[in-house]
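For reference, each letter of the sequence shown is one residue, going 2 to 386 in our numbering.
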Amino acid sequence: MSKTLNVGLIGYGFMGRAHSNAFRQANKFFPLEHQVVLKACCARNEEKIKAFAANWGYESYETDWRKLIARKDIDVIDIGSPNNTHKEIALEAAKAGKMVLCEKPLAMNTAEAEEMTAAIEKAGVPNMVWFNYRRVPAISLAKQLVDEGRVGKTFHYRACYLQDWTIAEDVPQGGATLWRLDVDVAGSGVTGDLLAHSIDTAMWLNGPIVEVSAATETFVKERMHAETGKMQSVGIDDACMFLARFANGSLGTFESTRYARGRKNFNTFEMNGVDGSVYFDLEDPQYLDFFEYKNPETGKKCEDHLTGWRRIHVTNFEHPYMKNWWVPGCTTGYEHTFTNAFADFVRGLETGKPVQPDFRAALQTQKVCDAVLNSAKTKAWVTIK
Ligand code: SOE
Numbered sequence: 002m003s004k005t006l007n008v009g010l011i012g013y014g015f016m017g018r019a020h021s022n023a024f025r026q027a028n029k030f031f032p033l034e035h036q037v038v039l040k041a042c043c044a045r046n047e048e049k050i051k052a053f054a055a056n057w058g059y060e061s062y063e064t065d066w067r068k069l070i071a072r073k074d075i076d077v078i079d080i081g082s083p084n085n086t087h088k089e090i091a092l093e094a095a096k097a098g099k100m101v102l103c104e105k106p107l108a109m110n111t112a113e114a115e116e117m118t119a120a121i122e123k124a125g126v127p128n129m130v131w132f133n134y135r136r137v138p139a140i141s142l143a144k145q146l147v148d149e150g151r152v153g154k155t156f157h158y159r160a161c162y163l164q165d166w167t168i169a170e171d172v173p174q175g176g177a178t179l180w181r182l183d184v185d186v187a188g189s190g191v192t193g194d195l196l197a198h199s200i201d202t203a204m205w206l207n208g209p210i211v212e213v214s215a216a217t218e219t220f221v222k223e224r225m226h227a228e229t230g231k232m233q234s235v236g237i238d239d240a241c242m243f244l245a246r247f248a249n250g251s252l253g254t255f256e257s258t259r260y261a262r263g264r265k266n267f268n269t270f271e272m273n274g275v276d277g278s279v280y281f282d283l284e285d286p287q288y289l290d291f292f293e294y295k296n297p298e299t300g301k302k303c304e305d306h307l308t309g310w311r312r313i314h315v316t317n318f319e320h321p322y323m324k325n326w327w328v329p330g331c332t333t334g335y336e337h338t339f340t341n342a343f344a345d346f347v348r349g350l351e352t353g354k355p356v357q358p359d360f361r362a363a364l365q366t367q368k369v370c371d372a373v374l375n376s377a378k379t380k381a382w383v384t385i386k
């Protein structure tokens, strides 16, 4: 390994941990030319970031992200801090010529995402947005099946992303752990936080979304703000449903909520085409369900007494990412999706084939999110350009 790749992470919450684990694991499981170095991490609270650095093995820490970006020994800036900080950091990092990784959603809104994408592309720096679910082996396998023509012309795309952790009215909004409920920090509720994942996956598998019609609801209208201790109105969407038209002529339905009692991270999709269907459920992530009507290799239609859905345990060496992990039958989990994504990013640097999704792809997802929120407000169909 002749080259080093020095990473500087900003943020130390849930995503800071997920990304740090990926940085630590990538070289251990993927043959990469670069040696990944956890050079520095950064957050305002010195005591906490010092402990975080020690726990994850960062060589140093900073308490001012501008200082981190200015450091000559940092190659990649990873933005793992809340959504309302992404833009400023990305612009500064691009100006400094750093590679940039950014947690999803890319920005608070489309205007910000446009500015960030323009800056990154002007700087010409490698970049990636952490839509990690593309790297669930079963979802990557779905992409492979679609690309192989096994689903064929699509008619329907059906996505759900359900959780249940905000049902209690006394859950506060804001602060280090609950900023996702504070619209000024998050930008939106389930639309940007959960449906952004579903939209990214959908457009990856089924192409661009061109038109949406949506409804949103905020079930709990006021919550105590963790920082002020005062009751404050809730500005996020607690639930969102939308209809979509894809450029390929298929129709989509998307549903998301944090009020589906019993659903913890129920991220599912089904795609129905003329030649087959695929179904995936993140609460059962090792499996991809596939119904094959016509095999593109043999041209044969499967319509006999054995026809039925096939449940593929996606753990063979032939399956996406699996030869880098264990032996067939042994599973991988949530954290591996981040390692797979980061390894793809590094491999992209080495092969000259940039990784996806980049800022431009995430900008398109942001446009769909904004169109969804706009449609919910105006009660009209909204077109996405
Ligand atoms: C929200 O609860 C959340 O943590 C999202 O922010 C993540 O992106 C999602 O993958 C899991 O749920």
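All residues carry an ideal CB built from backbone N, CA and C; glycine is no exception.
State the DSSP-derived secondary structure class of residue i, mapped to helix, strand or coil.
| i | result |
| --- | --- |
| H87 | helix |
| Y162 | strand |
| S21 | helix |
| L350 | helix |
| A97 | coil |
| Y134 | helix |
| Y335 | helix |
| T155 | strand |
| G193 | helix |
| I1 | The shown model of the chain, from 2 to 386, leaves out residue 1, and the question about it has no answer. |
| F220 | coil |
| G176 | helix |
| T167 | coil |
| F255 | strand |
| A261 | coil |
| Q233 | strand |
| D345 | helix |
| A139 | helix |
| F318 | coil |
| D74 | coil |
| V147 | helix |
| T308 | coil |
Between which residues of its own chain and residue i is the CB-CB distance below 8 Å, once the five residues before and five after are set aside?
| i | result |
| --- | --- |
| K324 | F318 |
| Y428 | Examination of residue 428 is not possible in this model, given that the chain is present from 2 through 386 alone. |
| H87 | I80, C103, E104, L107, A108, M109, E113, M117 |
| Y134 | I140, H198, D201, T202, N268, L283, T338 |
From the DSSP output, read off the bridge partner residues of residue i.
| i | result |
| --- | --- |
| I313 | L289 |
| L39 | V8 |
| Y62 | C42 |
| T384 | E212 |
| C103 | I80, V130 |
| K302 | K295 |
| N268 | Y162 |
| G274 | T155 |
Just reading off the beta strand (DSSP E) that residue i is part of, what are its end residues?
| i | result |
| --- | --- |
| G277 | 277-282 |
| R224 | 223-225 |
| A240 | 240-247 |
| F31 | No beta strand (DSSP E) contains F31, which DSSP labels as neither H nor E. |
Spatial neighbours of residue i within its chain, please: C-beta separation below 6 Å, excluding the five flanking residues on both sides.
| i | result |
| --- | --- |
| G153 | G274, V275, D276 |
| R136 | T338, N341, A342 |
| N84 | M109, A187, G188 |
| A377 | A215, A216, T217 |
| L293 | Looking at the sequence shown, residue 293 is not Leu but Glu. Excluding residues within five positions, the ones whose Cβ falls inside 6 Å are G277, C303. |
| R361 | T118 |
| Q357 | none |
| Y280 | E271, D290 |
Taking the alpha helix (DSSP H) that residue i belongs to, which residues open and close that run?
| i | result |
| --- | --- |
| H198 | 197-207 |
| I70 | 66-71 |
| I121 | 111-124 |
| A363 | 360-379 |
| E48 | 47-57 |
| A187 | 184-187 |
Just to confirm my understanding: we take residue i, look at its own chain, exclude 5 residues before and 5 after, and list those with CB closer than 7 Å. What are they?
| i | result |
| --- | --- |
| N375 | V383 |
| M16 | G81, E104 |
| I70 | I78, E93, A94, A97, K99 |
| V126 | A95, G98, K99, M100, V101 |
| E223 | M232, Q233, S234, V235 |
| W180 | P83, V186, A187 |
| N249 | T155, N207, G208 |
| W66 | I11, C43, I90 |
Between residue i and ligand 2, is there a pair consisting of the residue's CB and a ligand heavy atom that are separated by less than 7 Å?
| i | result |
| --- | --- |
| K105 | Looking for ligand 2 in the displayed structure turns up nothing; the ligands present are ligand 1. |
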